[in-house]
Structure formats: structure tokens, C-alpha cells
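Okay, so here's the structure we're looking at.
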Amino acid sequence: MMPVNTVLEKSNGVVVGAELTCSLWEENKAHRESYSADWHSVSLKTQPQDRQTMNMNDDSRRETLSRQWQARPLKQICPSGVFRVGTVERGVREHQLLPKRKTLPLPIFTPAELGVRLGRGAPHSEEDLYTFPTPDGVCPSKRTVDEITRDLPPVKPTLMEFFKAPRDLGRSMSQEAQRG
1 MMPVNTVLEK SNGVVVGAEL TCSLWEENKA HRESYSADWH SVSLKTQPQD RQTMNMNDDS
61 RRETLSRQWQ ARPLKQICPS GVFRVGTVER GVREHQLLPK RKTLPLPIFT PAELGVRLGR
121 GAPHSEEDLY TFPTPDGVCP SKRTVDEITR DLPPVKPTLM EFFKAPRDLG RSMSQEAQRG
């Protein structure tokens, strides 16, 4: 059973928003299993487009004209992980979402003889595996400080003069200065 709910939003007789939601429910009585899913399939909303406005004023005729362009973003999400996003005018682009499961789709650890059991060839040998060097704390490309600073120009310190900045007179100070 798959009921579909549609919600339309109108303003002055024009559709400015639409939302399509789907619900799926299946039951297998023989295996005592059931499955249900709810998702927002399509969402369309008319909204003002950012930084696309025009304002004109004519003071001699006392006329003003303002116009704001509108964008109609369209978003569609499928339970299979396909995500389409774009605008009605320019079209949509399709993206594949990552699964939202708490477990990975494949097991992390698989038996070594899995390839043999499935008829895909011999199991891996130790020669097939890349040997990583054991960490010993030694950096082979390490350079001394003299080698690094050899090509740099010498540092010339500049003479810095410190002086006292004039202070602003506060209210009490200015009153005392006026009195003498």
C-alpha cells in the first residue's frame, strides 16, 4: 500500500509551494515481517531570489518601481538515495546520497577464503600484501635548521621608537582646564 499526500500552497491564485509525501507499508504474514517507510518526495517553494532586486525612484513624477525576481527551487529525495536539487527554470542535478544506516553495507572483516568459495580465484598470499615500514621515529627527509635558513635573506632588525600618545581629556579634566 502506498498512499501519496500532496499539499499545495497558493497565493493570489498562483501555486507558490508544493510538497509531495509518500508512505509505503508492506506486510508478509507468512514470514511475520513488515516494512514501512515515509519520505518527503518532492518539495517546491517560490521564494525571492537573493540579490536580484530593482528599485527605481522618479521624484519629479513621484513614481517608484520595485521588482524582485523569484526563484523556484525544486528538491526531490528518493528512498534509494537519489537526491535531485535545482530550480524549475534551470533544471535539476542528480546526486547519490550516502546510506543512513548505522552499519556498513558490507562486513568489514571477511574470511580470507571468500574468493575461493565464490569461485573468484586463490586466496591472498603474503606476497600480495604491501609491506609497510615499521615506525622507528626517524625522518629520512629531515633537514637541519642551517640548511633551511641558508637561502633566506639575513634578518635586519628595525629601530622601534616608543613614545607616549596624547591622552584625551576626560570631562573632569576639561572642566579643570577651563577653570585654570
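In terms of the UniProt record's numbering, the sequence shown opens at residue 1 and continues consecutively. Backbone N, C-alpha and C define an ideal beta-carbon position, used for all residues, glycine too. Computed from a predicted structure; not experimentally measured.
Practice prompt. Quick one: measure Cβ to Cβ for SER66 and MET54, integer angstroms, because I've assumed they're closer than 8 Å.
Written response: To locate residue 66, count along the sequence shown from 1; it is residue 66. To locate residue 54, count along the sequence shown from 1; it is residue 54. So it is a contact: roughly 7 Å between Cβ atoms.
Worksheet entry | Every unbroken beta strand (DSSP E) inside the stretch 32-85 [3 residues or more] | 33-45, 47-58, 63-71 and 73-77
Discussion item. Would LEU97 and VAL88 be called neighbours here (beta carbons separated by less than 9 Å)?
Written reply: Your numbering for residue 97 matches position 97 in the sequence shown. Your numbering for residue 88 matches position 88 in the sequence shown. Against a cut-off of 9 Å, the Cβ pair of VAL88 and LEU97 comes out as no contact.
Discussion item. At 3 residues or longer, what runs of the beta strand (DSSP E) sit wholly inside the stretch 7-32?
Written reply: 14-28
Worksheet item: Quick one: is LEU159 buried, meaning 16 or more other Cβ sit within 10 Å of its Cβ, or exposed?
Response: The residue you call residue 159 lines up with position 159 of the sequence shown. So LEU159 ends up on the exposed side.
Worksheet item: Where PHE83 and GLN76 are concerned, what is the direct C-alpha to C-alpha distance, given to the nearest angstrom?
Response: On the sequence shown, residue 83 is found 83 positions in, with the first residue counted as 1. On the sequence shown, residue 76 is found 76 positions in, with the first residue counted as 1. Computed Cα separation, rounded: 6 Å.
Worksheet item: In terms of DSSP beta bridges, what is GLU94 paired with?
Response: Locating residue 94 in the sequence shown gives position 94, counting from the first residue. Answer is ARG84.
Worksheet item: Candidates CYS78, LYS142 and GLU161: which alpha carbon is nearest LEU20's?
Response: In the sequence shown, counting from the first residue as 1, residue 20 sits at position 20. Answer by Cα proximity: CYS78.
Worksheet item: What span of residues does the alpha helix (DSSP H) with GLN145 cover, start to end?
Response: Here residue 145 corresponds to residue number 145 of the sequence shown, with the count starting at 1. The question names Gln, yet the displayed sequence has Val at residue 145. That run of the alpha helix (DSSP H) goes 145-149.
Practice prompt. Have a look at MET56, GLY91 and SER80 and flag the residue whose alpha-carbon is nearest the alpha-carbon of ALA71.
Written response: The residue given as residue 71 occupies position 71 in the sequence shown. Selected option, being the one with the closest Cα: GLY91.
Worksheet item: Out of ASP38, LYS45 and SER60, which has the shortest C-alpha to C-alpha gap to SER80?
Response: On the sequence shown, position 80 is the one that residue 80 refers to. When only C-alpha atoms are compared, the closest one is ASP38.
Worksheet item: Are there 16 or more other CB atoms within 10 angstroms of the CB of LEU24, so buried, or fewer, so exposed?
Response: Mapped onto the sequence shown, residue 24 falls at position 24. It is exposed - the Cβ of LEU24 has fewer than 16 other Cβ atoms within 10 Å.
Practice prompt. Thinking LYS45 and GLY17 are a contact (beta carbons under 8 Å), I'd like their distance in whole angstroms, please.
Written response: As a working mapping, residue 45 is identified with position 45 in the sequence shown. As a working mapping, residue 17 is identified with position 17 in the sequence shown. Yes, they are in contact, since the Cβ atoms of LYS45 and GLY17 sit about 5 Å apart, within 8 Å.
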